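Participant: After the structure tokens below, expect a handful of questions from me.
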């Protein structure tokens with residue numbers, strides 16, 4: 001079967017400084033990969049490139065047709081006035097989860113994430129709870145590829161344990 005993502009000859013510069021050059025790799029179903037490097041080495045840029053938010057200066061990213069992707073960035077932001085419940089309900093609708101499955105998916109996802117106040121305003125949550133909500137939002141979309149950019153930022157020990165169990 002074809003890889004989910006194929007990156008060929010990727011290059012990216014900011015000004016005169018290259019972040020990376022001639023980067024090639026594939027990601028197949030079931031694989032878990034990590035991108036490791038010092039601050040400023042282009043890890044976040046590469047993740048944004050794979051997700052389609054940033055264009056490479058050179059090379060190409062190909063995503064297999066029909067592949068569903070979710071991306072959780074370093075900073076989790078939510079619209080004012082939207083509750084934790086609203087974030088997950090919206091994600092279920094966007095992901096076209098069948099209506100008869102939404103209630104159980106909703107309860108399971110937010111329950112596993114440890115949410116007790118579903119009507120809390122998402123934008124007013126602490127950094128750790130925002131991160132949990134962003135990851136839960138990504139998971140309910142049932143992605144084939146889940147891109148996480150520094151997912152443990154803002155998570156406490158219990159939050160990291162939850163993430164490891166997901």
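Residue numbers (UniProt numbering): 1 to 166. Using N, Cα and C, we set each Cβ at its ideal position, and we do this for glycine too. Keep in mind that this is a model prediction, so the values were computed, not measured.
Looking at the secondary structure, which residues open and close the alpha helix (DSSP H) in which residue 43 lies?
Facilitator: According to the DSSP assignment, residue 43 belongs to the alpha helix (DSSP H) that extends over 43-51.
Participant: Count the other C-beta atoms from every protein chain shown that fall within 10 angstroms of the C-beta of residue 159, then say buried if there are 16 or more, exposed otherwise.
Facilitator: buried
Participant: Considering only the beta carbon of each residue, do residue 122 and residue 87 sit closer than 7 Å?
Facilitator: yes
Participant: Tell me the DSSP bridge mates of residue 69?
Facilitator: 145
Participant: Just how far apart, CA to CA, sit residue 24 and residue 120?
Facilitator: As the crow flies, the alpha-carbon of residue 24 is around 43 Å from that of residue 120.
Participant: Report yes or no: do three or more beta-carbon pairs, one from the region 68-75 and one from the region 24-40, lie closer than 8 Å?
Facilitator: no
Participant: What does the alpha-carbon distance come out to for the pair residue 41 and residue 48?
Facilitator: Cα to Cα, the separation comes out at about 13 Å.
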